[in-house]
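Engineer:
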Amino acid sequence: MVVITWNDSGANIRHEEGSGPTGGTGTRQEESDNGDMLWRLARAAHDYSHLNTTPDNEKKRLIYEAVEFAKKALDKNPSGFAAHKWYAISLSDIGDYEGIQTKIANAFEVQKHFAYVPEYGSLYRESAPTNAGF
């Protein structure tokens with residue numbers, strides 16, 4: 001199983017045998033109230049699902065987990081452009097597993113969330129450090 005955790009250093013992704021978290025210093029997404037942390041976890045889950053070294057049985061689970069992380073990030077901070085971005089990207093990838101009809105049905109939701117990125121992103125870029133990592 002792939003476990004994604006977060007600490008002050010950033011996202012931590014590791015393979016573990018069995019189910020559920022088995023320790024570590026990070027915080028699981030279920031315990032988090034930090035919208036910035038949640039969208040970063042969505043990005044980490046999404047990116048990890050696209051690695052060639054990720055087992056096939058984990059890829060689908062990670063995409064659905066990325067969508068859930070991004071949804072929770074949007075609940076915590078509806079104007080967070082990065083949460084909108086990673087929700088849209090991850091939601092689009094669900095169609096790869098559920099078929100073309102789902103991909104088309106999700107396209108309107110994806111488009112809606114991508115529309116927020118320039119609006120909220122321009123506000124952030126004016127005050128953000130140059131190494132923000134988006």
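Note that full-length UniProt numbering numbers the sequence shown so that position 109 is 109, with each residue one more than the last. Quick reminder that beta carbons are idealized off the backbone N, C-alpha and C, glycines included.
Beta carbon of H46, beta carbon of A66: below 8 Å?
Structural biologist: Contact check for H46 against A66 passes: the beta carbons are separated by less than 8 Å.
Engineer: For Q101 and Y87, I'd like the C-alpha separation in whole angstroms.
Structural biologist: 19 Å
Engineer: Give me the Cα-Cα distance between L62 and S90, rounded to the nearest whole angstrom.
Structural biologist: Those two C-alpha atoms are separated by around 9 Å.
Engineer: Using a Cβ-Cβ cutoff of less than 8 Å, which residues in the same chain neighbour A115 once the five nearest sequence positions on both sides are dropped?
Structural biologist: none
Engineer: Where does S92 fall in DSSP's three states?
Structural biologist: helix
Engineer: Would you mind reading off the limits of the alpha helix (DSSP H) that contains Y46?
Structural biologist: According to the sequence as given, residue 46 is His; it is not Tyr. First-last of the alpha helix (DSSP H) with H46: 35-49.
Engineer: With 16 other CB atoms within 10 Å as the buried threshold, where does residue 136 fall?
Structural biologist: With the chain running from 1 to 134 in the structure shown, residue 136 is simply not present.
Engineer: Given a cut-off of 8 Å on the beta-carbon distance, is the pair A105 and W39 in contact?
Structural biologist: no
Engineer: Contact check, A107 vs A73 under 8 Å by CB: the rounded distance?
Structural biologist: Not really, about 21 Å apart at Cβ, beyond 8 Å.
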